[in-house]
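Chains as they are written, first to last, in full-length UniProt numbering: chain A, 1 to 475; chain B, 1 to 475.
Data block below; observations after.
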């Protein structure tokens, strides 16, 4: 019964959302009262209320005291999405960006309102439950976690990860999984296992700057592949580029990538796996945002379609649960032995207790509940931020429409240098990620990435207003 | 007063130890009664008793019920120390040893009596106190440790490490220190920061196999430097080898190295630092055994004498406190920025709670107390293992005399292949580390490393007896 009721309110909410997006209902329009809605739709008052509550959570409507619900969101005014970038002439040696270090230094300054880091605020994290899980881990782990765990990692944790693989269409066993110290450690191990210094790898463009730095630290060259803000890397281009540039491995974020928010459709993922097989090269698939979808279900991964073990899937619990626990994992396919050997060589094993604590948390089915709340909060925050950027930034901008993840990518007028804007914004105690650090080419100098990990507040709105004002001043 | 009394009993114990080592007192000799000793030395009965108790703890004498104390240790019968190895013709590309993987697989088999791992048994670790420190860490760390800590690492932990630097003659600040995930992570970061793939580094011979694997994973060549079992690397040879083989960095364990147990005298350390300056190359100094000395005080490190920042000191709390916490650190001198950048790129930060817990433990001065007990236990275990190897192995062997650390290195008759011996021993559920894995040359095939990390017991004695019997059968 409950199930049907839940279904009903979502049906109503979806219909209303459609009307709002088609501008049948416009910003400022008053919605029918809860009673009217309940009568018109033949549902209970409570179901009608739930539908409105849901839309309010998404930032589409607002309740005004003693008046009712009003549309506050308007689709038409939203700027266009950016286009995918042009192809480059050749792969680039990787050089380090001082700006990245600067951003990390700012990261510990609590006086700055940060739109710069793709991390959820502590208020979204299940602090008390994880502390409890940690105490449980101390009780249940051999020698209270003082001893080395096996190099492959906590068995219970691997079992829980295997159990959850069904969500992305996998059916793996704990034996296939190796735990790591966060996702970046997984990427590092997988890149080390599949490449030699001097090799060229393919990455998205714009790409997460951490991947650029990792490639540099391993002496790799990178080819930036044109990437569409909705559907991900250009596969036609990739098909030609792999033989032409002797690509040895790909590193792609296939779901809600950073910074574009692109999510490859299943058909693209299948096609990509076919390309990997055609050229017999591995894909290091970073799925760190895959659980943070706004839609009805979790997107698949390339690993879902991988029969030949060429996909090394990497993930962590840093985005949804506990960045500071540094618990990640990889499913390295046919590279398992190599990755395991590298992990043993470089770290012997992971810290015992953080992994054991996360395993306890997962075991008790708290994770799915927590993820549901996080996704809902992120979706609302996405819509609010999108609307605010639309309201306060100049009209000649483009914005991405991520269907998950943590970040918006905004293209400004070509005249605006977001490096300069960044320095200006810092003086006003607001930070974002300037576009230039997401590429090794002289690109994206007029772009910026804004994280919507911060819960919506007057302060956040003012921060976006400030950035918008500074842009207008520079125009 | 207590201080003087403590001093007194040690003075008496030292005198007796000297008499035993000079064989004035021989195995089986009865010592004067506690009362006689107290009268002869003009000390209290309690002081005399303490002296005997101390020597008993060291395995030099034993108390026989209703009879008194007897000498059970005899210096004369001990085999010779091994010689340092011959110099090699050229550096070697690093190749991986399957045997190492095999050892690590055995490591999780609890049915095997392991003389193979240089790790103290859980019984020596302060489990309850560290669990308490962990709970304290959860209470006192921002967001219960769920958030990222700074890339440089927990500030309190760095402060405690800086405070303790006085023990090895340092006077560093927390700003000089970077925390890492165990010592091997520190070595990895420091090697990455100071070398390029294809470079040649100098290491000891025999060398810790983990260092060989690390070098391989980074595409480095290694030159094995002849190393004396008491005084460490041959500096005269090194002086010629650095320019000849274009050595880019040295990786040495200067105190109680693994597997020889060599401890460089201060004069050698100073000379080594002079060589580094002469050729302007860095030393990655692994001091992981430095706190585990049997003598009166902690040995210095090369870092003690380093004015130019060429020494990157690496250490961890894995040997004395909690291997499974993976908490280590480095003092990377002039390479600090590079190491910090690499750490950020490869792991963002360490797990927050393990480091915070160790900091709490250190803060409360529990560490020195714990180390005192560990050192005492290890010293006793060393003497018992040494004596048992002498008793049960053939007479034509050489054994090292480490003055600290966890391991004995034993040279058998050239005819014995310790790889074969290892397989034989495994069948009897006993393991050790075969000598061959400590070199890339075809060397040390007749050597083995035995850890005395296991507390002395009938089972341990039987294990050594078994290995001895197998050797005699192979002779």
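Backbone N, C-alpha and C fix where the C-beta goes; we use that ideal spot for every residue, glycine too.
Exposed unless 16 or more other CB atoms sit within 10 angstroms - verdict on residue i
| i | result |
| --- | --- |
| residue 20 (chain A) | buried |
| residue 128 (chain B) | exposed |
| residue 451 (chain A) | buried |
| residue 162 (chain A) | buried |
| residue 65 (chain A) | exposed |
| residue 131 (chain B) | buried |
| residue 481 (chain B) | In the structure displayed, chain B extends from 1 to 475; residue 481 (chain B) sits before or after that span and is not available. |
| residue 17 (chain B) | buried |
| residue 46 (chain B) | exposed |
| residue 72 (chain B) | buried |
| residue 301 (chain B) | buried |
| residue 454 (chain B) | buried |
| residue 368 (chain B) | exposed |
| residue 348 (chain B) | buried |
| residue 171 (chain B) | exposed |
| residue 435 (chain A) | buried |
| residue 82 (chain B) | buried |
| residue 442 (chain A) | exposed |
Under 8 Å by beta carbon: chain D residues contacting residue i
| i | result |
| --- | --- |
| residue 130 (chain B) | Protein chains A and B are contained in the structure displayed, whereas chain D is not. |
Neighbour flag for residue i against chain A, beta carbons, 8 Å
| i | result |
| --- | --- |
| residue 135 (chain B) | yes |
| residue 149 (chain B) | yes |
| residue 306 (chain B) | no |
| residue 197 (chain B) | yes |
| residue 125 (chain B) | yes |
| residue 505 (chain B) | No information on residue 505 (chain B) is available, as it lies outside the stretch 1 to 475 that chain B covers here. |
| residue 181 (chain B) | yes |
Residues bridged to residue i [DSSP beta-bridge criterion]
| i | result |
| --- | --- |
| residue 113 (chain B) | B:430 |
| residue 450 (chain B) | B:408 |
| residue 335 (chain B) | Paired residue(s): none; residue 335 (chain B) is not in a bridge. |
| residue 135 (chain B) | Residue 135 (chain B) pairs with nothing; no bridge assigned. |
| residue 399 (chain B) | B:410 |
| residue 329 (chain B) | B:179, B:315 |
| residue 80 (chain B) | B:398 |
| residue 284 (chain B) | B:251, B:312 |
| residue 224 (chain B) | B:203 |
| residue 30 (chain B) | B:70 |
Interface partners of residue i on chain B, CB under 8 Å
| i | result |
| --- | --- |
| residue 369 (chain A) | Going along chain B, no residue has its Cβ under 8 Å from residue 369 (chain A), so there is no contact; the nearest lies around 17 Å. |
| residue 214 (chain A) | 345, 346 |
| residue 354 (chain A) | 351, 353, 354 |
Residue i in three-state terms, based on DSSP
| i | result |
| --- | --- |
| residue 64 (chain B) | strand |
| residue 47 (chain A) | helix |
| residue 457 (chain A) | coil |
| residue 232 (chain A) | strand |
| residue 471 (chain A) | helix |
| residue 206 (chain A) | coil |
| residue 348 (chain A) | coil |
| residue 503 (chain B) | The structure shown does not extend to residue 503 (chain B), since chain B is modelled only from 1 through 475, so no value can be given for it. |
| residue 96 (chain A) | In this prediction, residue 96 (chain A) scores a pLDDT of 48, lower than 50, which makes its location untrustworthy; no coordinate-derived value is stated. |
| residue 172 (chain A) | coil |
| residue 70 (chain A) | strand |
| residue 293 (chain B) | strand |
| residue 364 (chain A) | coil |
is_contact[residue i, chain B] using C-beta, thresh 8 Å
| i | result |
| --- | --- |
| residue 326 (chain A) | yes |
| residue 50 (chain A) | no |
| residue 451 (chain A) | no |
| residue 385 (chain A) | no |
| residue 267 (chain A) | no |
Residue i CB to nearest heavy atom of the ligand HEM below 7 Å
| i | result |
| --- | --- |
| residue 23 (chain B) | Because no ligand of any kind appears in the structure shown, any question about the ligand HEM cannot be addressed here. |
Within chain A, partners of residue i - CB distance below 7 Å
| i | result |
| --- | --- |
| residue 184 (chain B) | 346, 347, 348 |
| residue 342 (chain B) | 217 |
| residue 322 (chain B) | 146 |
Partners in chain B for residue i, counting only beta-carbon separations shorter than 7 Å
| i | result |
| --- | --- |
| residue 138 (chain A) | 131, 134 |
| residue 188 (chain A) | 346 |
Under 8 Å from the C-beta of residue i: neighbouring residues of chain A
| i | result |
| --- | --- |
| residue 192 (chain B) | 217 |
| residue 475 (chain B) | Within 8 Å Cβ-Cβ: nothing; residue 475 (chain B) doesn't reach chain A, min ~35 Å. |
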